[in-house]
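> Right, I'll just put the structure down here and ask away after.
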Amino acid sequence: MNIDLQSSLQKHFGFANFRPGQLEAIQNLLNGQHTLVVMPTGSGKSLVFQLAALHLPGITLVISPLVALMKDQVDSLMRRGIAATFINSTLPTSEQNRRLKDFAAGKYRLVYVAPERLRSVQFLEAMKHQKCSLLAVDEAHCISEWGHDFRPDYLRIAQFRAGLGYPLTAALTATATPQVQDDIARLLNLPKVRPVVTGFNRPNLVLEVRNITDQTGRLKALQELLSDHGEGAAIVYTGTRRDAEEVAEFLRVVVGVPAEHYHAGLPTDERTRIQDMFMSGRLSLISATNAFGMGIDRADVRQVIHYSIPGSLEAYYQEAGRAGRDEFPAKAVLLYSPEDRALQEWFIDSSALTREDLTVLYEALRPISDNQGYTTLEKLSLLTRQHEVKVKVGLAELEHAGMLVHLGDQGLRVRVRLHAWKAAEIQKIAEKIKLHQEHRRAQLSSMINYAE
C-alpha cells in the first residue's frame with residue numbers, strides 16, 4: 044500500500060517523526076499482516092492502530108480494559124477531526140443505545156469497547172451491519188493466564204473474532220515475556236503474527252532499590268522521597284488497601300502534603316473523582332493498590348514508589364513505567380524488606396481456585412440455568428463468598444471445561460446454561476491451577492532476586 048505515512052502522522056496527529064517500532068507496525072497492518080506490538084509504557088502504542096485505522100476502509104474496533112481512559116482517547120481523536128466513540132457501562136443506557144445505532148449506521152471510524160461488551164446482544168447485532176477492517180486488542184497480555192494481569196473476559200475475543208470472519212488484528216502490550224507473547228498469538232488464533240518488539244530501555248527513568256529494615260525505616264524513606272517532590276506527580280504503590288489508606292494519612296499529617304488513597308474497595312464515584320483529579324493535575328500525590336493501574340497516562344509523573352514489592356518483574360515494570368512519560372528525568376524507587384515476601388505468598392495462596400470454590404460456584408448458578416433468570420458478578424460474589432475476580436476466573440474455567448455456556452447477556456448480567464458436572468475436567472483444572480501457583484512463585488523469586 045503506497046501511502047505517505049510521515050505526512051499522515053503530521054497531518055492527523057501533529058508529530059514530526061515516528062517513535063521506534065511505530066512505523067514498522069503500521070506498515071505491517073496496512074500490508075494485511077496480523078501484528079503483535081510490544082513497546083514500553085508511554086511509547087505510543089495507541090497511535091499504531093489509530094493511524095492505521097485512517098487508511099483502512101471499514102471500522103477499527105478497539106478492545107480495551109481501560110474503561111476510565113476510553114473517553115480521554117476518544118476526545119483526543121475527535122479534537123483531531125477523527126470520528127470515534129466509546130460504548131461502555133459508564134454511559135446511561137439511552138446514550139449507549141444511541142451510539143450503537145450510530146455505530147450500526149457507519150458513523151464512526153474507531154469504536155472502543157471493553158471485553159465484557161462482546162457478550163452484549165445489542166452490540167453483536169450492531170456489528171452485523173459493519174465491516175471490521177481492524178481489530179485492535181489493547182493490553183493483550185490480559186489474555187494470558189501466565190501473565191501478571193489475567194482477565195478471563197479476554198478469552199472470549201477469539202470466538203468473537205471468528206464470528207467477524209478473522210479480521211486483520213493488532214495485539215498491543217507493554218509487558219509480555221516470550222511465553223506470554225506465544226499465548227497471545229495462540230489464544231487469538233494468530234498463527235502468522237508479525238512481532239514488533241522494541242527495547243525496554245528508558246534513558247530518562249532511573250530505577251532504585253532501597254533496603255528497609257523495619258516499618259519506621261519505610262516511612263522515613265517515604266518522607267525523604269516526598270517531602271520536596273517539586274513539580275509533577277508521584278504515585279506510591281502499596282500491597283494492601285489498608286497500607287494505601289495509612290500511607291495517604293501519613294503523607295497528609297506527617298509530611299504535610301495533599302494526598303489521596305485509591306483502591307478497589309472505594310465506591311465507583313469516589314474512584315472516578317480521585318482519578319479525574321489526578322489526571323487533570325488537581326491532585327499530584329496518590330497512594331494506591333494496583334487497582335490504580337493500566338491506563339494511568341499522566342505525562343509528568345516524576346516518581347513511582349513501591350512501598351513493598353509487587354508479585355512479578357512484569358508488574359513492577361508496568362507500574363514503574365508510569366513515571367517520566369514526558370521523557371523528562373524521573374525515577375522509580377522500590378522500598379524492599381525480605382519480610383515483604385510473605386504478603387505476596389499469601390496473595391498467591393489465597394487467590395488460587397480450589398475444587399471447593401468451583402463446586403460452590405456451580406451450585407450457585409443452578410437457579411438461573413436455562414433462561415430461568417440472571418444474576419450478577421456482585422451477587423455471585425456474595426453467594427459464594429469469593430472475590431469477583433475469583434468468580435470471573437471460575438466462570439471462565441467452567442466454560443472452558445464444557446460445564447456451562449454463556450447465553451447472550453446485557454451489561455453486568457450473567458446468564459448461563461449449565462451442563463453436567465465433569466469430575467475429570469475439574470481434576471485437570473486443579474492441576475493447571477497448581478502449575479499457575481508454581482509459576483507465580485517463580486515470578487516472585489525473580490522479583491526478589493532483582494530487589495536483593
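For the sequence shown, the residue numbers in the numbering used here are 44 to 495. We put the beta carbon where it would ideally sit given N, CA and C, even for glycine.
(1) Between L79 and P238, how many whole angstroms is the CB-CB distance? I'm expecting something under 8 Å.
(2) Quick check on A467: buried or exposed, where buried means 16 or more other Cβ atoms within 10 Å of its Cβ?
(3) Give the DSSP-derived three-state secondary structure of K174 in the structure shown.
(4) Apply the 10 Å Cβ neighbour rule to L296 and answer buried if 16 or more other Cβ atoms are within range, or exposed otherwise.
(5) Taking Cβ positions, are P100 and S176 nearer each other than 7 Å?
(6) Kindly give me the distance between the Cβ atoms of V81 and T212, rounded to whole angstroms, as I take these residues to be in contact under 8 Å.
(7) If you draw a straight line from the C-alpha of G454 to the C-alpha of T419, how long is it?
(8) Enumerate, from N- to C-terminal direction, the unbroken alpha helix (DSSP H) stretches of 4 or more residues contained entirely within the stretch 66-133.
(9) So, at 8 Å on beta carbons, what are the nonlocal neighbours of R194 in its own chain, with the 5 sequence-adjacent residues on each side left out?
(10) Could you have a look at G454 and say whether DSSP puts it in helix, strand or coil?
(11) Give me the Cα-Cα distance between A444 and V403, rounded to the nearest whole angstrom.
(12) I'd like the span of the beta strand (DSSP E) that includes A25, first residue to last.
(13) Identify whether T220 lies in helix, strand or coil by the three-state DSSP scheme.
(14) Is H304 buried or exposed, if buried means 16 or more other CB atoms sit within 10 Å of its CB?
(15) Sorted by chain position, which residues of the same chain lie with C-beta nearer than 7 Å to R456's C-beta, five sequence neighbours on each side aside?
(16) By the three-class DSSP mapping on this structure, what secondary structure does Q49 have?
(17) Suppose the cutoff is 7 Å on Cβ atoms and the five residues either side in sequence are ignored; what does the same chain contact list for Q76 look like?
(18) Whose CA, out of A219, I339, L233, lies closest to the CA of E357?
(19) Quick one: what's got a C-beta closer than 7 Å to F58's C-beta in the same chain, skipping five residues either side?
(20) In the DSSP assignment, the alpha helix (DSSP H) including S330 goes from what residue to what residue?
(21) Please look up how many angstroms separate the CB atoms of Y350 and V279, rounded, as I've assumed it's under 8 Å.
(22) Name the one or two DSSP bridge partners that E303 has.
(23) Between the C-alpha atoms of R229 and A183, what's the straight-line distance to the nearest angstrom?
Straight from the coordinates:
(1) Along the sequence shown, read from residue 1 onward, the residue named residue 79 stands at position 36. Along the sequence shown, read from residue 1 onward, the residue named residue 238 stands at position 195. With 8 Å as the limit, L79 and P238 qualify as a contact, their Cβ atoms being about 5 Å apart.
(2) One-based indexing of the sequence shown puts residue 467 at position 424. Exposed is the call here.
(3) Start at 1 with the first residue of the sequence shown, and residue 174 comes out as number 131. Coil.
(4) In the sequence shown, the residue the question calls residue 296 occupies position 253. The question names Leu, but residue 296 is Val in the sequence shown. It counts as exposed.
(5) To locate residue 100, count along the sequence shown from 1; it is residue 57. To locate residue 176, count along the sequence shown from 1; it is residue 133. For P100 and S176, yes; Cβs fall inside 7 Å.
(6) Taking the first residue of the sequence shown as 1, we reach residue 81 at position 38. Taking the first residue of the sequence shown as 1, we reach residue 212 at position 169. Contact flag wrong, Cβ pair sits at about 15 Å.
(7) The sequence position of residue 454 within the sequence shown is 411, counting from 1. The sequence position of residue 419 within the sequence shown is 376, counting from 1. Its pLDDT being 49, under 50, G454 is placed unreliably by the model, and the measurement read from it follows with that caveat. C-alpha separation (whole angstroms): 9 Å.
(8) 88-96, 110-122
(9) For the purposes of this step, residue 194 is taken as the residue at position 151 of the sequence shown. Cβ neighbours of R194 beyond the five flanking positions: P108, P158, C185, I186, K435.
(10) Within the sequence shown, numbered from 1, the residue matching residue 454 stands at position 411. Summary for G454: the model assigns pLDDT 49, below 50, so the residue's position carries little reliability; its value from the coordinates is reported in the next sentence. G454 falls in the coil class under three-state DSSP.
(11) Along the sequence shown, one-based indexing puts residue 444 at 401. Along the sequence shown, one-based indexing puts residue 403 at 360. Roughly 16 Å separates the two Cα atoms.
(12) Since the first and last residues shown for the chain are 44 and 495, residue 25 lies out of range.
(13) Walking along the sequence shown from the start, residue 220 turns up at place 177. Coil at T220, not helix or strand.
(14) For the purposes of this step, residue 304 is taken as the residue at position 261 of the sequence shown. Buried: at least 16 other Cβ atoms inside 10 Å.
(15) One-based indexing of the sequence shown puts residue 456 at position 413. The residues Y417, T419, in chain order, have a CB closer than 7 Å to that of R456 in the same chain once the five nearest residues on each side in sequence are set aside.
(16) Along the sequence shown, read from residue 1 onward, the residue named residue 49 stands at position 6. Reduced to three states, the DSSP call for Q49 is helix.
(17) Against the sequence shown, residue 76 aligns to sequence position 33. Contacts found: R237.
(18) Start at 1 with the first residue of the sequence shown, and residue 357 comes out as number 314. If we check each option's Cα against that of E357, A219 comes out closest.
(19) Start at 1 with the first residue of the sequence shown, and residue 58 comes out as number 15. The answer, listed in chain order, is L52.
(20) The residue labelled residue 330 in the question sits at position 287 within the sequence shown. Where S330 is concerned, there is no enclosing alpha helix (DSSP H), although the beta strand (DSSP E) it sits in stretches over 328-331.
(21) Sequence index remark: in the sequence shown, residue 350 carries index 307 (1-based). Sequence index remark: in the sequence shown, residue 279 carries index 236 (1-based). Confirmed, Cβ separation roughly 6 Å.
(22) Translated into positions along the sequence shown, residue 303 becomes position 260. According to DSSP, which records beta bridges pairwise, E303 is partnered with I329.
(23) What you label residue 229 is simply residue 186 of the sequence shown in a count that begins at 1. What you label residue 183 is simply residue 140 of the sequence shown in a count that begins at 1. Straight-line Cα distance between these residues: approximately 12 Å.
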